[in-house]
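Structure first, then comments.
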Amino acid sequence: MVGKGSFAESAMQFLCWILGAAILGVHTATCTNASYVYIDSESTMQFLCWILGAAILGMGICQKAMTLEEKVKNLQEWMYKRPLINMNMDRWKTYVRSSPRNYSMVVMFTALSVGVNCPVCKPAYDEFYIMANSYRYAYPELKALYFAVVDFDEAPQVFQSMNLNVAPVLIHFPAKGSRKRIDQMDFTRQGFDADSMARFVYDRAEIQIRVLRPPNYAAPAVVLLLAMLVLGLLYMRRNNLEFLYNRTSWALVSLCIVFAFMSGQMWNHIRGPPFIMTNPQTRETSFIHGSTQYQLVAETYLVAVLYAAVTAGFILLNDAADGKGDPNRRRIMAFIGLGLVVVFFSLLLSIFRSKYQGYPYSFLFH
1 MVGKGSFAES
11 AMQFLCWILG
21 AAILGVHTAT
31 CTNASYVYID
41 SESTMQFLCW
51 ILGAAILGMG
61 ICQKAMTLEE
71 KVKNLQEWMY
81 KRPLINMNMD
91 RWKTYVRSSP
101 RNYSMVVMFT
111 ALSVGVNCPV
121 CKPAYDEFYI
131 MANSYRYAYP
141 ELKALYFAVV
151 DFDEAPQVFQ
161 SMNLNVAPVL
171 IHFPAKGSRK
181 RIDQMDFTRQ
191 GFDADSMARF
201 VYDRAEIQIR
211 VLRPPNYAAP
221 AVVLLLAMLV
231 LGLLYMRRNN
241 LEFLYNRTSW
251 ALVSLCIVFA
261 FMSGQMWNHI
271 RGPPFIMTNP
281 QTRETSFIHG
291 STQYQLVAET
301 YLVAVLYAAV
311 TAGFILLNDA
321 ADGKGDPNRR
331 RIMAFIGLGL
341 VVVFFSLLLS
351 IFRSKYQGYP
361 YSFLFH
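This is how it looks when you write it as structure tokens:
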């Protein structure tokens, strides 16, 4: 690689020196004799054409296709430095589109510039980086798969050659054979977290990647601060701890824990999904993911609120049927409780239908 670049650079320097000498010769002849100028300049131009052809031929020879060993060596060196290889047009043609190639490439086409309206590009890139870094630690010497990134600002010609007008896009380029439609990952259906990308790589390249996420110290810090806050409150009220025996308080705490687990907060903690998702084709923002294998953070909040509303409706129905108090007040509580249960349970069914295509049951909302 180094030899090729130095040879081409030397050829260009030699060509520039010949051009300068030719121009100097023509200028000298012009100052001497006008008739001599015509003969000497013509000879000089012929000589220059010969030199130009030789230089172009030499550059063509030095820029011949790289061998497979050179390609793999360069890719390995880049992978040792960084799990994702940045692709420009020259690298794209050399390492992805040209032969020989006995390795697969998984390339993410993205737009990370601040001026590009792509809120999902940065989270998808971060997840892709985590997955590629996990592969680098697990298979440093496999030499069968490499991960690359094409940024629109750095290589728009690559987007044009692939006929891509959306981002992000993840495509697998197999080592042998032509690329198929299933070699492009469907982010809308599969999600764009690192685990989903690892499953996509396993399906296409048959290489199992165990995703290793960097440690997140935010959650332990929050738990520690919360524990210190609770202990501080208990210390301040150490002379009056009757509230610890209040059944209503413990019931509310238990319900909050139940709502958190039913909505999928633990899944969010493990998988780390984005808050919302923007469809790369339509640019529509979604708060609910359309697959049963994935969910968004905003979706879990919405489901928790719906479960809480249904629970509040049942509590009102239970209190209304208790038989104590004003009958009109109990009747109003019963109607409100029934309305909460009917409306918000119908919304829960509607959300489930949107995620599980073909579910036959619904109530008020479709």
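Heads up: the sequence shown at position 2 corresponds to 2 in the UniProt record's numbering, and the numbers run straight through without jumps.
Note that CB positions come from ideal geometry on N, CA and C, so glycine has one too.
Using 8 Å as the threshold, is the C-beta distance between Val211 and Asp195 below it? Taking the first residue of the sequence shown as 1, we reach residue 211 at position 211. Taking the first residue of the sequence shown as 1, we reach residue 195 at position 195. Between Val211 and Asp195, the C-beta spacing is below 8 Å.
If we ignore side chains and look at the alpha-carbon of each, how far apart do Tyr125 and Ser134 end up? For the purposes of this step, residue 125 is taken as residue 125 along the sequence shown, with counting starting at 1. For the purposes of this step, residue 134 is taken as residue 134 along the sequence shown, with counting starting at 1. Going by the C-alpha atoms only, they are around 14 Å apart.
Spatial distance of Gly313 from Asp151 (CA atoms): Within the sequence shown, numbered from 1, the residue matching residue 313 stands at position 313. Within the sequence shown, numbered from 1, the residue matching residue 151 stands at position 151. Their Cα atoms are separated by approximately 51 Å.
Looking only at C-alpha atoms, which of Val149, Ala144, Asp90, Pro327 sits nearest to Leu84? Walking along the sequence shown from the start, residue 84 turns up at place 84. Of the candidates Val149, Ala144, Asp90, Pro327, the one whose C-alpha sits nearest the C-alpha of Leu84 is Val149.
How many angstroms separate the CA atom of Ser41 from the CA atom of Ala111? What you label residue 41 is simply residue 41 of the sequence shown in a count that begins at 1. What you label residue 111 is simply residue 111 of the sequence shown in a count that begins at 1. At Ser41 the pLDDT is 49, less than 50, meaning the model places this residue with poor confidence and gives no usable figure here.
Could you tell me which of Val107, Ser113, Met66, Arg136 sits nearest to Arg82, measuring between CA atoms? For the purposes of this step, residue 82 is taken as the residue at position 82 of the sequence shown. Among Val107, Ser113, Met66, Arg136, the Cα nearest to that of Arg82 is on Arg136.
For chain D, find out if any of its Cβ atoms is closer than 8 Å to the Cβ of Thr311; answer yes or no. The chain inventory of the structure shown lacks chain D, comprising one protein chain alone.
Please report how far the alpha carbon of Leu229 lies from the alpha carbon of Met89, in whole angstroms. Position 229 of the sequence shown, counted from the first residue, corresponds to residue 229. Position 89 of the sequence shown, counted from the first residue, corresponds to residue 89. Pairing Leu229 with Met89, the inter-Cα distance amounts to about 56 Å.
Is the beta carbon of Ser104 sitting closer than 8 Å to the one on Ala198? Here residue 104 is taken as the residue at index 104 of the sequence shown, counted from 1. Here residue 198 is taken as the residue at index 198 of the sequence shown, counted from 1. No. Outside cutoff.
Exposure label - Glu127; buried when at least 16 CB within 10 Å: Within the sequence shown, the letter at position 127 stands for residue 127. It is buried - the Cβ of Glu127 has at least 16 other Cβ atoms within 10 Å.
Does the Cβ of Arg204 have 16 or more other Cβ atoms within 10 Å, making it buried, or fewer, making it exposed? Here residue 204 corresponds to residue number 204 of the sequence shown, with the count starting at 1. A residue is called buried when at least 16 other Cβ atoms come within 10 angstroms of its Cβ; Arg204 meets this threshold and is buried.
Answer yes if the region 303–311 comes into contact with the region 321–332, meaning at least three C-beta pairs across the two stretches below 8 Å, and no otherwise. Between the region 321–332 and the region 303–311 there are fewer than three inter-stretch CB-CB distances shorter than 8 Å, so the stretches are not counted as touching.
Phe159 and Val106 - do their beta-carbons sit closer together than 8 Å? Taking the sequence shown and counting its residues from 1, the one referred to as residue 106 is at position 106. Taking the sequence shown and counting its residues from 1, the one referred to as residue 159 is at position 159. Not a contact, by the Cβ cut-off of 8 Å.
So Gln184 packs on Ile171, CB below 8 Å; how close in whole Å? As a first step, residue 184 is located in the sequence shown; it is residue number 184 there, counting from the start. As a first step, residue 171 is located in the sequence shown; it is residue number 171 there, counting from the start. The Cβ separation is near 5 Å, so the contact holds.
Who pairs with Phe173 in a beta bridge, going by DSSP? Here the question's residue 173 lines up with position 173 in the sequence shown. DSSP output for Phe173 lists Met105 as bridge partner(s).
Bridge partner(s) assigned by DSSP for Ser178: Sequence index remark: in the sequence shown, residue 178 carries index 178 (1-based). Ser178 is not bridged to any residue.
Which class does Gln265 belong to by DSSP, given the choice of helix, strand or coil? In the sequence shown, residue 265 corresponds to position 265, counting from 1. Reduced to three states, the DSSP call for Gln265 is helix.
If you drop the 5 nearest sequence neighbours on each side, which residues of the same chain put their C-beta closer than 8 Å to that of Glu284? What you label residue 284 is simply residue 284 of the sequence shown in a count that begins at 1. When the five nearest sequence neighbours on each side are left out, the beta carbons in the same chain lying within less than 8 Å of the beta carbon of Glu284 are those of Thr278, in order along the chain.
State the Cα-Cα distance for the pair Pro220 and Gly325, rounded to the nearest angstrom. As a working note, residue 220 is residue 220 in the sequence shown. As a working note, residue 325 is residue 325 in the sequence shown. Rounded to whole angstroms, the separation of the alpha carbons of Gly325 and Pro220 is 47 Å.
Taking its Cβ as the centre, do 16 or more other Cβ atoms sit within 10 Å of Cys256, making it buried, or is it exposed? As a working note, residue 256 is residue 256 in the sequence shown. Within 10 angstroms of the beta-carbon of Cys256 lie fewer than 16 other beta-carbons, which makes it exposed.
Tell me which same chain residues have a C-beta within less than 6 Å of the C-beta of Phe275, skipping the five on either side of it? Translated into the one-based positions of the sequence shown, residue 275 becomes position 275. Apart from the 5 residues on each side of it in sequence, Phe275 sits with its Cβ closer than 6 Å to the Cβ of Val297, Ala298 in its chain, given in chain order.
Whole angstroms are fine: how far does the CA of Val96 sit from the CA of Asp153? Taking the first residue of the sequence shown as 1, we reach residue 153 at position 153. Taking the first residue of the sequence shown as 1, we reach residue 96 at position 96. Going from the Cα of Asp153 to the Cα of Val96 covers about 19 Å.
Alpha helix (DSSP H) segments (min. 4 residues) lying fully within the region 182–247: As far as the region 182–247 is concerned, its whole alpha helix (DSSP H) runs of at least 4 residues are 187–190, 194–205, 218–236.
Mind checking which residues open and close the beta strand (DSSP E) that includes Tyr135? For this step, residue 135 is matched to residue 135 along the sequence shown. For Tyr135, there is no enclosing beta strand (DSSP E); the residue is found in the alpha helix (DSSP H) stretching over 121–138.
For Leu233 and Thr248, I'd like the C-alpha separation in whole angstroms. Residue mapping note: residue 233 aligns to position 233 of the sequence shown, counting from 1. Residue mapping note: residue 248 aligns to position 248 of the sequence shown, counting from 1. Leu233 and Thr248 have their alpha carbons spaced roughly 19 Å apart.
For Ala21, I'd like the list of residues in its chain whose CB is within less than 6 Å of its CB, leaving aside the five on either flank, ordered along the chain. Numbered from its first residue, the sequence shown carries residue 21 at position 21. In this prediction, Ala21 scores a pLDDT of 49, lower than 50, which makes its location untrustworthy; the coordinate-derived value is nonetheless stated afterwards. So no residue of the chain qualifies.
Are the Cβ atoms of Leu306 and Phe352 separated by less than 8 Å? Numbered from its first residue, the sequence shown carries residue 306 at position 306. Numbered from its first residue, the sequence shown carries residue 352 at position 352. Phe352 is positioned such that its CB atom lies no closer than 8 Å to that of Leu306.
For Tyr361, does the three-state DSSP call read helix, strand or coil? Looking up residue 361 in the sequence shown gives position 361. In the structure shown, Tyr361 adopts coil according to DSSP, grouped into three states.
Closer than 7 Å by C-beta to Lys143: which residues in its own chain qualify, once you throw out the five before and the five after it? Chain order, please. What you label residue 143 is simply residue 143 of the sequence shown in a count that begins at 1. Excluding positions up to five away in sequence, the list reads Val72, Gln76, Tyr103.
Can you give the Cα-Cα distance for Ala218 and Ala227, rounded to whole angstroms? Numbered from 1 along the sequence shown, position 218 holds the residue referred to as residue 218. Numbered from 1 along the sequence shown, position 227 holds the residue referred to as residue 227. In a straight line, the C-alpha of Ala218 is about 14 Å away from that of Ala227.
Could you tell me which residues DSSP pairs with Ser350 in its beta bridges? On the sequence shown, residue 350 is found 350 positions in, with the first residue counted as 1. Its beta-bridge partners do not exist; DSSP assigns none.
Is the separation between the beta-carbon of Ala320 and that of Gly337 shorter than 8 Å? For the purposes of this step, residue 320 is identified with residue 320 of the sequence shown, where counting begins at 1. For the purposes of this step, residue 337 is identified with residue 337 of the sequence shown, where counting begins at 1. Yes, the Cβ-Cβ distance between Ala320 and Gly337 is below 8 Å.
Member of Thr292, Leu347, Val341, Phe365 whose CA lies at the smallest distance from the CA of Gln357: Residue 357 sits at position 357 when you count from the first residue of the sequence shown. If you compare the alpha carbons of Thr292, Leu347, Val341, Phe365 with that of Gln357, the shortest gap goes to Thr292.
The ligand SAM and Leu348: does the residue's C-beta get closer than 7 Å to at least one heavy atom of that ligand? The ligand content of the structure shown is nil, which means the ligand SAM is not present either.
How about Ala304 and Ser263: do their beta carbons lie closer than 8 Å? Walking along the sequence shown from the start, residue 304 turns up at place 304. Walking along the sequence shown from the start, residue 263 turns up at place 263. It is a contact, given that the beta carbons lie within the stated cut-off.
Within this structure, are the beta carbons of Ala155 and Cys118 separated by less than 8 Å? For the purposes of this step, residue 155 is taken as the residue at position 155 of the sequence shown. For the purposes of this step, residue 118 is taken as the residue at position 118 of the sequence shown. No.
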